[in-house]
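Some notes on the structure that comes next.
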Amino acid sequence: MLIGYLLVVLVGIGGGLLLGRIPLVDQVVGSLAVALHAIPGAAWVPLSIIWFGMTERAVIFTIVLGAAGIVVVSTDTGIREVPPLIARASRTLGARGANYFWFVVVPAAIPKIVDGLRLAWAFGWRALMAGELFTSVSGLGGLLNQVVKTQDMNALLALMLLIAVAGIAVDSLFKLLQRRVWVRWGLI
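All residue numbers for the sequence shown refer to this note's numbering, where the first residue is 108 and numbers rise by one.
Pasting the structure below:
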């Protein structure tokens, strides 16, 4: 999950910065990013298996395609929704071009980017479970696959509870990060 999530962060933030900064990229690729985001992570599993076989690469690919879209969209939204007061004040103080983008726009977008990263973790977690379930790669999803084959209801419910608890724990960490970002940027 970690490798997949790191790729989601790189692809998502990089793609969102390009969409938000370069209008031509937005015109050509913007709708594609939204379309990719609309496809559930589990729907990518068959394509992943065809391309990569029943491997961890297939699972990583599923995570990236299942979760990167929300980071692209949230980063792009953050870039486009810089508060007008901040934009005017920074331009009055002489911020232009790359300096304006990197020192005004990107910092103003950070709260939206963090929101997207939190959602991407949830989307990636679901994609991970689906990918492991279908490919039988080791992990909680692969273990789910084994438990289903034995039809052990108690083990299945315990495993589902473990998956939920792990998801809640990671989401709690993201909530802490999100709150710190909001406090840092004066949003609460």
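Each residue gets a CB set at the ideal place from its N, CA and C atoms; glycine is no exception. All values reported here derive from a predicted model rather than from experimental measurement.
Taken atom to atom, the span from the alpha-carbon of Met108 to that of Leu235 is near 7 Å.
Burial check for Arg233: the Cβ neighbour count within 10 Å reaches 16 or more, so the residue is buried. Contact check for Ala175 against Val115 passes: the beta carbons are separated by less than 8 Å. In its chain, beyond the 5 residues on either side, Ala229, Trp232 have a beta carbon closer than 8 Å to the beta carbon of Gly274. Contact holds between the stretch 186-197 and the stretch 123-139, because three or more Cβ pairs, one in each stretch, are under 8 Å apart.
CA-to-CA, the gap between Leu172 and Tyr112 works out to about 10 Å. By the CB criterion at 8 Å, Thr242 and Ile167 fall outside the cutoff. Here Leu269 really is in contact with Leu247; their C-beta atoms are around 7 Å apart, less than 8 Å. In this structure Thr169 is not in contact with Gly223, their Cβ atoms being roughly 19 Å apart against a cut-off of 8 Å.
Between Gly119 and Val212, the C-beta spacing is not below 8 Å.
The Cβ neighbour count for Leu251, taken over all protein chains shown within 10 Å, is at least 16; the residue is labelled buried. Excluding five sequence positions before and after Phe210, the CB atoms of its chain that fall closer than 7 Å to its own CB belong to Ala202, given in chain order. With 16 or more neighbouring CB atoms inside 10 Å of its own CB, Ala216 falls in the buried class. In the structure shown, the three-state DSSP call for Gly111 is helix. Shown here, Leu251 sits in a helix according to DSSP, grouped into three states. Burial is judged here by how many other beta carbons sit within 10 angstroms of a residue's own beta carbon; Lys256 has fewer than 16 and is exposed.
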